[in-house]
Amino acid sequence: MRPHLVTSLAASSIPRLTNPTSTRTFVTSSSSSALRTLSTRSTTVTTHRAYSSLKKPQEQTTTSNQNIKIPSLASATMSTPINANAVLDLVKARRTYYALNKELVISKERVEEIVKDALAHVPSSFNSQSNRVLVLFGADHDKLWDITAEVLKAIVPADSWQGTAQRIAGFKGGAATVLFFEDQDVIDTFQEKFAIYADKFPIWANQSDAMLQFTVWTALEAEGLGANLQHYNPLIDQRVTAEWKVPESWKLNAQLVIGGRAGEAGPKEFVPIEKIYKSAGN
Ligand SMILES: Cc1cc2nc3c(=O)[nH]c(=O)nc-3n(C[C@H](O)[C@H](O)[C@H](O)COP(=O)(O)O)c2cc1C
Numbered sequence: 001m002r003p004h005l006v007t008s009l010a011a012s013s014i015p016r017l018t019n020p021t022s023t024r025t026f027v028t029s030s031s032s033s034a035l036r037t038l039s040t041r042s043t044t045v046t047t048h049r050a051y052s053s054l055k056k057p058q059e060q061t062t063t064s065n066q067n068i069k070i071p072s073l074a075s076a077t078m079s080t081p082i083n084a085n086a087v088l089d090l091v092k093a094r095r096t097y098y099a100l101n102k103e104l105v106i107s108k109e110r111v112e113e114i115v116k117d118a119l120a121h122v123p124s125s126f127n128s129q130s131n132r133v134l135v136l137f138g139a140d141h142d143k144l145w146d147i148t149a150e151v152l153k154a155i156v157p158a159d160s161w162q163g164t165a166q167r168i169a170g171f172k173g174g175a176a177t178v179l180f181f182e183d184q185d186v187i188d189t190f191q192e193k194f195a196i197y198a199d200k201f202p203i204w205a206n207q208s209d210a211m212l213q214f215t216v217w218t219a220l221e222a223e224g225l226g227a228n229l230q231h232y233n234p235l236i237d238q239r240v241t242a243e244w245k246v247p248e249s250w251k252l253n254a255q256l257v258i259g260g261r262a263g264e265a266g267p268k269e270f271v272p273i274e275k276i277y278k279s280a281g282n
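Heads up: the sequence shown is residues 1 to 282, going by UniProt numbering.
Here it is, written out as structure tokens:
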């Protein structure tokens with residue numbers, strides 16, 4: 001999927017979840033703010049038409065203008081399960097933040113710990129563990145976005161370059177990038193081993209990686225960071241492989257840009273739940 005519409009940037013109060021004590025307090029704000037559009041893409045027209053019946057989100061009783069007590073996950077065991085609302089609150093709180101700065105808010109080590117934990121524990125088909133991750137901090141993060149700009153400059157028409165350059169500069173303005181890959185060697189091995197599912201393994205690997213992306217995105221934002229998900233693969237694949245000596249079998253799927261929040265998440269609309277959900281049975 002190619003990069004798509006950048007929605008909004010605005011200065012605002014920043015939701016943070018930084019206190020690593022047993023009970024965490026999560027404060028969000030619904031203050032309105034001026035919106036700034038960085039660039040537009042034709043795909044958004046289709047999207048908006050397709051979702052012409054979108055309606056405003058239902059009131060979120062748990063995440064708007066409230067302090068939310070989230071129990072420590074460390075205390076969750078089989079005998080003392082955490083309430084699902086604690087998970088759902090984090091799911092709802094994950095948003096796309098385009099306005100990022102270089103303030104990591106948490107330590108580099110903590111970012112790595114979160115990514116490693118997610119990488120180890122996110123499920124994969126047949127426990128194949130095809131997910132791979134490269135995290136770029138500081139100058140290496142900057143380098144990634146310089147490379148991306150360089151690659152894009154060679155193919156983007158001169159008259160639309162300025163918008164693209166601004167967009168990439170926005171990503172470079174973040175503090176770090178998490179690159180998500182799937183290991184093609186693992187997929188090949190499982191295709192041989194379980195030939196009956198050969199056509200499914202690439203799909204399942206992709207799904208497992210999507211679960212990982214979502215987990216990392218949600219977890220990092222739970223600690224107060226902002227993030228947005230980008231897809232400059234396959235354009236940058238070769239340069240990434242060469243620059244960071246990534247194994248050839250690692251296929252790049254996505255780039256999660258992370259950093260301090262320098263603005264709010266944009267407005268978000270929801271398809272009416274009755275259009276997208278069914279149930280059956282007692
Ligand atoms: C699979 C997937 C691919 C996405 N690709 C991009 C992308 O290439 N560029 C981008 O700016 N945002 C991308 N996004 C972010 C979505 O646009 C965003 O999640 C969506 O509009 C909902 O907003 P929210 O993240 O604030 O909830 C992607 C999200 C998903 C789940």
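C-beta: ideal position from N, C-alpha, C; glycine also.
Taking a C-beta distance under 7 Å as the contact criterion, Ser107 and Val186 do not qualify as a contact pair.
Taken atom to atom, the span from the alpha-carbon of Asn85 to that of Ala222 is near 14 Å. Within a 10 Å sphere around the beta-carbon of Gly281 sit fewer than 16 other beta-carbons, which makes this residue exposed. When DSSP states are grouped into helix, strand and coil, Asp183 belongs to the strand group. In this structure, Gln207 lies away from Gln230, with their beta-carbon atoms at least 7 Å apart. In this model, Ile196 and Gln184 are separated by some 18 Å (Cα to Cα). Taking a contact to require three or more Cβ pairs closer than 8 Å, the stretch 198-213 and the stretch 121-138 qualify as touching.
Each of Ile82, Ala93, Asn83, Pro81 was checked against the Cα of Thr218, and the nearest Cα belongs to Ala93. Trp161 counts as exposed, since fewer than 16 other C-beta atoms from the protein chains shown sit within 10 angstroms of its C-beta. Not one heavy atom of ligand 1 lies closer than 6 Å to the C-beta of Thr148.
In the three-state scheme derived from DSSP, where H, G and I count as helix and E and B as strand, Arg94 is classed as coil. With a cutoff of 6 Å, Ala169 does not count as near ligand 1, since its C-beta is closer than that to no heavy atom of the ligand.
Ile258 carries a strand assignment under DSSP once its states are collapsed to helix, strand and coil. Ala120 and Pro247 have their alpha carbons spaced roughly 19 Å apart. If the five residues before and after Leu90 are omitted, its C-beta is found closer than 7 Å to the C-beta atoms of Thr218, Ala222, all from its own chain and listed in chain order. Residue environment analysis places Val271 among the exposed positions, since fewer than 16 neighbouring C-beta atoms fall within 10 angstroms of its C-beta. In the same chain as Val151, and ignoring 5 residues on each side of it, the C-beta atoms closer than 7 Å to its own belong to Leu235, Ile236, Arg239, in chain order.
The straight-line gap separating the alpha-carbon atoms of Asp209 and Gly226 is approximately 20 Å. Taking all protein chains in view, the Cβ of Asn83 is surrounded by fewer than 16 other Cβ atoms within 10 Å, so the residue is classified as exposed. Nearest to Asn253 by C-alpha distance, out of Lys200, Phe181, Ile276, is Phe181. The beta carbon of Thr215 sits no closer than 6 Å to any heavy atom of ligand 1.
Residue nearest to Val216 within the set Ile114, Arg95, Lys102, Pro81 is Ile114 (criterion: CA-CA distance). Taken through DSSP and simplified to helix, strand or coil, Phe214 comes out as helix.
Counted as a single uninterrupted DSSP element, the beta strand (DSSP E) harbouring Leu136 occupies residues 131-137.
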